[in-house]
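Protein chains in written order, with this note's numbering: chain W, 1 to 225; chain V, 226 to 450. Yeah, the Cβ is synthetic: ideal placement off N, Cα and C, and Gly gets one too. Remarks on the structure that follows.
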DNA sequence: AGATCCAATTGGTCGGACCAATTCAAGTAT
DNA sequence: ATACTTGAATTGGTCCGACCAATTGGATCT
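Below, the structure written as C-alpha cells:
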C-alpha cells in the first residue's frame, strides 16, 4: 500500500515547515522543482495542509506555516449544525461537560507561567472597554484553562469551541454580561490558584449555567430550543 | 468578498450530493462540463470535500457520498498527539468529561428506537466471540449513547474518539476486559432505561475509570504517563 | 517622510495529454 | 450453466505550459 504522490509531498512540506527558519514557505513553483513533481501536485498537497489548519495560503503572497489544528473541527461543527441558535445551545452543553473537568485538571496541574497568562487574560477582561476585546479576553481565559489542564486534545477542542463561539458573538449573540463573566472568572481563577479541583469545577459549571440561562440575540432573551 | 471558484464548486457538489438519487457522484469530467470549469477545479473541490469527510474518492472507481464529519478531528488529534500511549491517556480524560454527560442526557432524552439499538449493541457485546466484533460493539454502544443525548456536536466528538480508540485497539492496546465492559455497560444501560440521569452518569464515570486503570499493551499493564 | 504607481512575483484556473487503478463485458474453460 | 480470465473502456492521478487575478516591494513623485 504505497502513498500517493500528493500524500508524500504533503509530508515533505510538513518536514520543510518544521525546519524552515521563517514561517514563510517556498513557492509552489520552487517546491515543484525541488520535489521533482508537477505544480498541481504541490498545490494539492498544500491545499490539504491548509484544510488541516497547518498552512495559510494567499494568492499573490504565498504560504505561511500556522498551528491551527482545531480549524477542521470548527468547520465540521458548522456543517453539522448550520442553525446558529441550535449550535450555541449544543456548544454550551458540550462546554458543560468539558470545561468543569478542564478547570479541575488545571487546578491540579497548572504551572506558574500559565497561571500568569491566566491572570493577564482575567485582567484584560476586567479592564476592557469594547466588546471585541471582551470576547477575546473571555475566550482566551477559557482556552488557557484548557491548556493548563495539560490535556492537548481537550485544549484543541476548546480552541475550536472558542472559534465557534466568537463567530456567533460577532453575529449578535450574547452569553453573559461582562460583569457576571468577570465575577465568575474570578471565582474560577481563585479556585485554580488554590489548587482546589472541586471548587474550580463547580465554579466553571455555575459560570456555564449562567451563560446558558442568559443567552440573548440582539437584546432579546432566547427560549431553549 | 467573493468566493473562489473552488469554494463555489464545492458547494455545488454538496447540493448535487444531497439531491442525487444514488450515493455515486458524476465523474470529474462530467462535473467539469456541467459546471463550466476546468477539471482541476472540480478535482480540488472534491478533494476538499474528501478531507472534510463528505466524500470518498477512488482512482478508477469514482466518488461516493459519505457522512463522516468526524474524520477531520480524528486526523487532527493524530497529528497533535502522535504518541499512541499519550493519546490514549488524553482520550480517556476527555471521555471522562464527555461521556458521563452523554449518559445523563441520554437518560433524559433517549427515544425508544435508539434504546432498541442500544440494547442490540449491548447484546452483540455480550455474545461476541472475536476481539474485532467486541471492539465494534463496545464503541457502537458508546456512540449510540452520544447519539441518544440529542447533542449532535457531542455525537460527532464521540465518533471521532471512537475511531481513534479503535485504531489503538487494533495496535495491541486494551482498555478493559470484555467481562468488565459487559457488566459496566449493563449498569449504564439500565440507568438510561430507568431515565435516571445521575445513575447513568455515575455508571459511565466508573466504567471509564476502570478503562483508565486497566490500560494494557500486549498483556502489559501500563503506568500513567 | 509619506503617498502613489507599476512591474515582478505568487497563487488560481485552463485545457490537453498521458499514466495508474477499477470495472465490466466478452471470451474461454469446466 | 457456471466460474474464471482477459482486455478495453472508464475513472481518477499527474504533468505541462499558458494565461488570469491578487499581493508585494522598489522606484518615483510630492
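- Contact note: residue 151 of chain W reaches chain V through 315, 318 and 319, using a C-beta cutoff of 8 Å and chain order.
- Between residue 103 of chain W and residue 153 of chain W, the gap from beta carbon to beta carbon reaches 8 Å or more.
- The C-beta of residue 44 of chain W comes closer than 8 Å to at least one C-beta of chain V.
- Burial is judged here by how many other beta carbons sit within 10 angstroms of a residue's own beta carbon; residue 83 of chain W has fewer than 16 and is exposed.
- Note that the C-beta distance between residue 114 of chain W and residue 54 of chain W is not below 8 Å.
- Distances from the alpha-carbon of residue 175 of chain W to those of W:98, W:220 and W:155 put W:220 closest.
- For residue 60 of chain W, the nearest beta carbon of chain V is not closer than 8 Å to its own beta carbon.
- Taking a Cβ-Cβ threshold of 7 Å, none of the residues of chain V is close to residue 66 of chain W; the smallest such distance is about 13 Å.
- When only Cα atoms are considered, residue 36 of chain W and residue 284 of chain V end up about 22 Å apart.
- Of all C-beta pairs linking the stretch 77-93 of chain W to the stretch 118-125 of chain W, fewer than three are shorter than 8 Å, placing the two stretches out of contact.
- Note on residue 92 of chain W: 16 or more other CB atoms within 10 angstroms of its CB, so buried under the neighbour-count rule.
- Membership of residue 136 of chain W in the alpha helix (DSSP H) is indicated by the continuous run 131-148.
- Residue 21 of chain W has a beta carbon lying at 8 Å or more from every beta carbon in chain V.
- As DSSP reads the structure, residue 341 of chain V sits in no beta bridge.
- Annotated three-state conformation of residue 172 of chain W is coil, per DSSP.
- Look at the stretch 294-314 of chain V: the residues with a C-beta under 9 Å from a C-beta of chain W are 294, 295, 296, 297, 298, 300, 301, 302, 304, 305, 306, 311, 312 and 314.
- Note on geometry: alpha-carbon atoms of residue 194 of chain W and residue 107 of chain W lie some 7 Å from one another.
- Less than 8 Å separates the beta-carbon of residue 40 of chain W from that of residue 265 of chain V.
- Residue 177 of chain W is bridged by DSSP to nothing; it lacks a bridge partner.
- Beta bridge pairing from DSSP links residue 62 of chain W with W:58.
- When the alpha-carbon of residue 25 of chain W is set against those of W:11, W:42, W:64 and W:44, the nearest one is in W:64.
- In the three-state DSSP reduction, residue 91 of chain W falls in the helix class (H, G or I).
- Note on residue 295 of chain V: 16 or more other CB atoms within 10 angstroms of its CB, so buried under the neighbour-count rule.
- The continuous alpha helix (DSSP H) containing residue 233 of chain V extends over residues 230-244.
- If you check the CB distance, residue 183 of chain W and residue 192 of chain W do not come in under 8 Å.
- Residue 208 of chain W places its beta carbon less than 8 Å from that of residue 96 of chain W.
- Leaving aside the five residues that flank residue 3 of chain W on each side, none in its chain has a CB nearer than 7 Å to its CB.
- It is roughly 13 Å from the alpha-carbon of residue 56 of chain W to the alpha-carbon of residue 27 of chain W.
- Cβ-Cβ distances below 8 Å link residue 259 of chain V to 251 in the same chain, with the five nearest sequence neighbours on each side left out; the list follows chain order.
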